[in-house]
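Read the structure below first, then the notes.
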Amino acid sequence: MKKEITLMKGNEALAEAVIRAGCDGYFGYPITPQSEILEYLAREAYARTGMVVLQAESEVAAINMVYGAACTGKKVMTSSSSPGISLMQEGISYIACAELPCLIVNVVRGGPGLGTIQPSQGDYFQAVKGGGHGDYKLIVLAPSTVQEMADFVPLSFDLAFKYRNPVMILTDGALGQMMEKVELFEPIPRKTEIEPWATVGKPLDREHNIITSLHIEPDKMEEINLHLQEKYKQIEKNEVRYEILNCEDAEIVLVAFGLVARICSKAAELARQKGIKVGVFRPITLFPFPYQQLNNIADKVKNFLVVEMNAGQMLEDVRLAVNGKIPVEFYGRMGGIVPSPEEILQKLEDILVGEKL
Amino acid sequence: MSNQILTAEEKQSEHKEEENICLKEYLVYERPKTLIDIPMHYCPGCGHGVAHKLIAEVIDELGIQDKTIGVAPVGCAVFAYNYLDIDMVEAAHGRATAVATGIKRMLPDKYVFTYQGDGDLAAIGTGETIHTCNRGENILVIFINNGIYGMTGGQMAPTTLIGMKSTTTPFGRDVSVMGNPLKITELVAQLPGVYYCTRVAVNTPNNVRRAKKAILNGFKYLEHKKGLCFIEIVSNCPSNWKMTPVESNKWLEENMLPFYPLGDLKVPNLSKTE
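Those protein sequence lines, which keep their order, are chains X and L. Residue 22 is where the first sequence starts when you use this note's numbering, and the numbers rise one by one after that. Residue -5 is where the second sequence starts when you use this note's numbering, and the numbers rise one by one after that.
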């Protein structure tokens, strides 16, 4: 079949993918730079698939609507941007503990506080290290193209249901707002089977289903925690995703995720034109993080340079992965400033000069 | 039909009905089948047990056990799901109506209700409460008002009466410091999304019967899909009021009910709607 190719904003491509992925319900609240997701769905979704789209009174209400809707075993989601995601953290912790599948999209902007509406990667810690209270993990996917903004939606729903765990697409304001060519996938039929754990009204032939995150007995609570940790280990074993570019002969490897990885590819190209052998490593899943794969590359190269739009958050995970084998340098911009390939090239040259000294 | 002469067959069936009335299951009071037979964690004399029983009875009578999904609150009734034999979801503090909205939007033909205390519904969850009412979600909200935070040990609630003592108002609620008690039921009754709004109590057998009628109406009106049904149940908290169950019911009658008067605040105009 002929593929449908179109030019779309990242946020719109994601919203279109949501409809095509057979999503049943979206609950959200407007916030820049992701409001197009809610707007697109409000315009398109119900008429095309009967998908429920509801603008909540706040992000707090939105995530709790997602919690309730997810209890029914349907494909449900929300989207927001940094300050809104902060408001959702309590609900996300409940959803993680109650083991409910859902998709949460964070189109990150600069912070802390009200910050700026420009792109940032400052929510890395919040996304991959828990974010809310207690010991839990989200599966976190970081697209770097508008194409991936769309492609990661059905993948997220698959992972969410496979592990009964919330999945976050961690993207940024630039990817949300920029237009690119997108190849749209064929619509996936709506999910019709009823999940055995879902609260859909108790048939007379089964026990009543209870969805809760309250386990007041410490023994029971620890049992739940151990079960969750075991699940996260399985996710770490099975779901690591990453991309490697020109690392075979590289002296220095740039490590970056999302939009920044693309800028790093350009920087690596510029570097090779100058005779500097540079490769790029892009984690696609931020949890599970590709610790082992980075460690393997560290055996073959002299330096890592981590580039992020934050003060060095993924840097900590790269250092954990490398475990002191080689130096891990860092270059970061904050406040909504996107680093340029030339800046990164300059940093690469500085590292090489430093080595010669 | 009334003048019709009964056939022999009809006479026999009428006779059978009389016989049925004499059957044991019609004469002996029994635990509703939706109420699970385990000891409750509520304090002796607390109104939650009665309210749970009424919900279970109504679900039994309407035959909707397989179509009902409840949302349990944070607070004393957080374990409501242990006692009601229906699918249930535990919500974060104050968020029950948002959770119920999510459930109901996914399953529009199911009976969805929340069961919330005064702290849950009228303090931390005021935003969700007002907006869910205003959207006219077709859910039933059962609001237990005992004027105090029970589970956390008797702190002031939004509904605590003026002068009423709590652990955080040890000298009585002072309006100049703590503001006024919140009549949230009167507040939401104004909203066009609310279809049915009433206030009942569970302190006397007569009031219990009225409360049951209200809950029955609440569930039945959901079928009209014309908006939210809101039932406030004025209840007691013997433990935190530091009273015996009997004293607490008397105190409720003398102090709570004058401020929170019983009766319907809004009823559907059935002649028009049906």
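Where is the CB? At the ideal position from N, CA and C, for every residue including glycine.
- Taking a Cβ-Cβ cut-off of 9 Å, the neighbours of L:H125 in chain X comprise A77, E78, S79 and A82, given in sequence order.
- Within the same chain, Cβ atoms closer than 7 Å to the Cβ of L:G157 are found at G166 and R167, the five residues on either side in sequence being excluded.
- Residues of chain X with a Cβ closer than 8 Å to the Cβ of L:E247 do not exist; the shortest Cβ-Cβ separation is about 34 Å.
- For X:T192, DSSP records a beta bridge to X:V128.
- Taking a contact to require three or more Cβ pairs closer than 8 Å, the segment 110 to 119 of chain L and the segment 109 to 127 of chain X do not qualify as touching.
- Inter-residue distance for X:W218 and X:Y253 is about 20 Å (C-alpha atoms, whole angstroms).
- The beta carbon of X:G222 sits closer than 7 Å to some beta carbon of chain L.
- Positions of the alpha helix (DSSP H) runs, each at least 4 residues long and wholly inside the segment 298 to 347 of chain X, are given as 312 to 319 and 335 to 343 in order along the chain.
- In the DSSP annotation of this structure, X:V81 is not part of any beta strand (DSSP E); the continuous alpha helix (DSSP H) holding it starts and ends at E80 to A91.
- Interface annotation for the segment 34 to 66 of chain X against chain L: D45, G46 and F48, criterion Cβ-Cβ distance under 8 Å.
- When C-beta atoms of the segment 54 to 64 of chain L are compared with those of the segment 47 to 60 of chain X, fewer than three pairs fall below 8 Å, so the two segments do not count as touching.
- Among the residues of the segment 102 to 121 of chain X, those with a Cβ less than 7 Å away from any Cβ of chain L are E111, G112 and Y115, in the order of the chain.
- Around the Cβ of L:V171, a 10 Å sphere holds fewer than 16 other Cβ atoms; the residue is exposed.
- The residue from L:G41, L:I58 and L:Q184 with its alpha-carbon nearest to that of L:Y109 is L:G41.
- Taken in chain order, the members of the segment 225 to 257 of chain X whose beta-carbon sits within less than 9 Å of a beta-carbon on chain L are L225, E228, H229, N230, I231, I232, T233, S234, L235 and I237.
- With respect to chain X, the C-beta atom of L:V93 has a partner C-beta closer than 7 Å.
- Minimum Cα-Cα distance from X:G300 among the listed residues X:I215, X:F308 and X:I265 corresponds to X:I265.
- The criterion of a C-beta distance shorter than 7 Å is not satisfied by X:F278 and X:V161.
- By the criterion of at least three beta-carbon pairs nearer than 8 Å, the segment 335 to 343 of chain X is in contact with the segment 304 to 323 of chain X.
- In the structure shown, L:T123 falls within a helical segment according to DSSP collapsed to helix, strand and coil.
- DSSP places X:L205 in the uninterrupted beta strand (DSSP E) bounded by M200 to L205.
- Residues of the segment 101 to 126 of chain L that bring their beta carbon within less than 7 Å of a beta carbon in chain X comprise L101, K104, G121, E122 and H125, in sequence order.
- Just measuring C-alpha positions, the residue of X:G345, X:L176, X:G46 and X:K158 sitting nearest X:T70 is X:G46.
- For X:L225 and L:K104, the gap between their C-alpha atoms comes out near 15 Å.
- Ranked by Cα distance from X:R211, the options X:T192, X:E329, X:K223 and X:F178 are led by X:F178.
- Here X:L124 is actually not in contact with X:P164; their C-beta atoms are around 13 Å apart, not less than 8 Å.
- Look at X:Q55 here: in three-state DSSP terms it is coil, with no helix or strand label.
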